Ligand SMILES: Cc1cc2nc3c(=O)[nH]c(=O)nc-3n(C[C@H](O)[C@H](O)[C@H](O)COP(=O)(O)OP(=O)(O)OC[C@H]3O[C@@H](n4cnc5c(N)ncnc54)[C@H](O)[C@@H]3O)c2cc1C
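In this note's numbering, the protein residues as written are 6 to 467.
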C-alpha cells in the first residue's frame with residue numbers, strides 16, 4: 006500500500022493516520038454514486054445529504070479521500086473564479102458575472118462556516134489575499150482587474166496597495182503594488198478534505214476507498230463500474246477533475262497539468278518579526294518567478310511555483326509529482342521573494358506536486374443532465390479550493406430539481422469543447438507556453454506588457 010503521508014506536507018500533517026477505508030466488495034444500489042473523494046465529490050455529497058438526509062449516497066475513491074489536488078494544493082481559498090472576469094462579462098453579461106463573483110465570495114464564507122459547524126480544524130483563517138506585482142509591467146494588470154470589478158459593482162472588497170504600504174506589512178522583495186481582496190482565506194487543504202470526508206460519513210454517506218472506477222454506463226440504468234462490483238444509481242457524479250482525463254468517455258474534456266510546491270522549516274519568531282506577514286494572508290504574484298504563497302499555521306512559508314507540465318497523452322503517474330528542476334526553481338523563487346530566508350539559512354523540508362484539470366475553453370462545468378443521469382463539476386484550472394464548493398452547491402440544487410439563483414448560472418448548462426487529439430494537444434500547449442514565456446521575458450525587459458496575444462495563442466484560441 007502507498008504511504009499517503011508522502012504525497013504532500015498537508016497530508017502528512019493533516020492530523021489523520023490516513024489508513025484507507027475499506028473498498029467496495031460486490032455490487033450495490035444507491036441513489037447517488039460519486040466518483041472521487043476530493044473537494045468536488047465531498048462538497049456535492051455534503052450539500053445533497055444536508056438537504057435530503059434520506060438519500061443513499063456512495064463515494065468511490067481510487068486512493069484515499071484528499072489524495073488528489075485537494076490534499077496537495079496551496080491552501081489558497083480565494084473568491085476568484087477561474088474563467089477571466091473580462092471574458093465572463095463579454096460572453097455572459099455583467100449581471101451574470103456579478104452573480105458568479107458574489108457566489109465565489111459566498112463559497113469562501115461557506116467553507117469557513119461549514120468548518121465551524123462540523124468541527125473541522127482546517128486552519129481556516131479569513132485573512133484576505135494580496136495579488137502582488139513585483140515588476141513594473143505587472144502593475145497595469147492589477148489596475149485593470151480592479152476596473153473590471155468596478156464595472157460589475159464588486160470593487161468594495163478590493164483595494165490597491167502601494168509598494169511602500171505593503172512592505173510595512175510584509176517584507177517581500179521588489180514589490181511595486183498589490184491588489185488586496187478581503188475575501189480570501191488560508192486553509193490546510195488536506196485537513197479540510199479529510200475533515201469533510203468524516204463529516205459526510207457522520208451524516209450517512211458511504212465512502213469506499215482503494216476503489217477505482219473503471220468506467221460508467223447510463224443504459225439500462227446509470228452505474229459506476231469497478232473491478233470489485235458496480236454501484237447502480239439514479240445519478241452518477243463525475244468529480245475526478247484532472248483524473249477524468251483517464252476515463253475514455255470524458256477524457257478529452259479535461260487536460261491534466263501539474264503544479265509543484267515546497268515548504269520551509271518553521272521560521273523562528275525573530276525572523277517572522279522581520280518578515281511581518283502577521284495575519285497569514287494568502288499571496289500570489291504572476292511571472293516566471295511568481296507563485297502562490299501561504300503562511301502555514303505552524304509558521305512555515307509554503308511556496309507554489311507557476312511552472313506547469315502537461316504530460317504527453319495526459320498520462321497521470323505518481324512520477325509526475327517529483328520534478329526536481331521545478332522544486333529547485335520554487336526554492337530559488339521563494340528565497341528571491343524573501344531574501345531573509347537565504348540570509349538565515351532556512352531550509353526546505355518538503356516538496357511535492359499534483360495535477361489540476363484544464364478545460365479547453367477554461368470555463369468550468371457544473372452541470373447535471375437529467376436524461377442521462379450524469380452530473381459533473383470540473384475544470385477549475387488550478388483555482389478549485391473555493392470554486393469546488395460552488396460546484397458542489399450547484400450540483401446539489403440541480404440534482405434535487407430545485408430552481409435557485411445557482412441553477413441559472415451558465416456553468417449549469419456549459420459544454421466545453423473537447424481538447425484536440427494527441428499529439429496535437431501536447432504540441433499546441435507547448436507552443437503557447439513558450440510564446441507566453443517569451444512575451445513575459447520581453448515585457449520584463451521593456452517594462453511594459455503587450456496586450457497583443459502571441460501568434461501561437463491566436464491560433465490556439467480560435
Ligand atoms: C499543487 C497544486 C496546488 C494548487 N493550489 C491551489 C490553490 O492554492 N488554490 C486553489 O484554489 N486551487 C489550487 N489548486 C487546484 C485545486 O487543488 C483543485 O482544483 C481542487 O482540489 C480540485 O478538487 P477535485 O475534488 O475536483 O479534484 P481532486 O482533488 O483531484 O480529487 C479527485 C479525486 O478522484 C480520485 N480518482 C481519480 N480517478 C479515480 C477513479 N478512476 N475512480 C475513483 N476515484 C478516482 C482521486 O484519487 C482524487 O482523490 C492546486 C492544485 C495543485 C495540484
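In this text, a Cβ means the ideal position worked out from N, Cα and C, and glycines have one as well.
Only a predicted model underlies this, so the values are computations on that prediction, with no experimental measurement involved.
message: Quick check: residue 341 and residue 178, are their CB atoms within less than 8 Å of each other?
response: yes
task: Compare the C-alpha of residue 45 against each of 383, 437, 418 and name the closest.
output: 383
message: Could you check whether residue 268 and residue 334 sit closer than 8 Å to each other, using their CB atoms as the reference points?
response: no
message: Here's the rule: buried if 16 or more other CB atoms are within 10 angstroms of the residue's CB, otherwise exposed. What is residue 188?
response: buried
message: Looking only at its chain, what residues have a beta carbon closer than 6 Å to the beta carbon of residue 108, apart from the 5 residues adjacent to it on each side?
response: 395
task: Return yes when the C-beta of residue 416 is under 7 Å from any heavy atom of ligand 1, and no when it is not.
output: no
message: Between 290, 296, 50, which has its C-alpha nearest residue 146's C-alpha?
response: 290
task: Indicate whether residue 195 and residue 11 have their beta-carbon atoms separated by less than 8 Å.
output: no
message: Spatial neighbours of residue 221 within its chain, please: C-beta separation below 8 Å, excluding the five flanking residues on both sides.
response: 40, 227, 228, 229, 230, 241, 243, 252, 254, 379
message: With a threshold of 8 Å, are at least 3 pairs of Cβ atoms found where one atom belongs to the stretch 263-280 and the other to the stretch 117-134?
response: no
query: Any heavy atom of ligand 1 closer than 7 Å to the Cβ of residue 72?
result: yes
- prompt: When the cut-off is 8 Å and only beta carbons count, does residue 65 lie next to chain C?
  reply: Absent from the structure: chain C. Only one protein chain is present.
task: Specify the secondary structure class of residue 52 as computed by DSSP and reduced to three states.
output: helix
field: Exposure of residue 429, with buried meaning 16 or more beta-carbon neighbours within 10 Å
entry: exposed
query: Between the Cα of residue 348 and the Cα atoms of 403, 191, 275, which residue gives the shortest distance?
result: 275
field: Spatial distance of residue 467 from residue 152 (CA atoms)
entry: Any answer about residue 467 is weak, because its pLDDT of 47 lies below 50 and its placement is not dependable; what the coordinates show is given next. Approximately 27 Å, taken between the alpha carbons.
query: With a CB to CB cut of under 6 Å and the five nearest residues on each side skipped, what residues in its chain are close to residue 25?
result: 69, 214, 215
message: On the criterion of 16 or more Cβ atoms from any shown chain inside 10 Å, does residue 3 qualify as buried, or is it exposed?
response: This structure cannot speak to residue 3, because the chain is shown only from 6 to 467.
- request: For residue 134, name the three-state secondary structure that DSSP assigns.
  value: strand
query: residue 183 to residue 233, Cα distance in whole Å?
result: 52 Å
- request: Take residue 159 as the anchor and find which of 186, 133, 171 has the nearest alpha-carbon.
  value: 186
field: Contact between the stretch 409-427 and the stretch 101-117 (3+ Cβ pairs under 8 Å)
entry: yes
message: residue 33 and residue 236 - do their beta-carbons sit closer together than 8 Å?
response: yes
task: Output yes or no for whether 8 Å exceeds the beta carbon distance between residue 80 and residue 307.
output: yes
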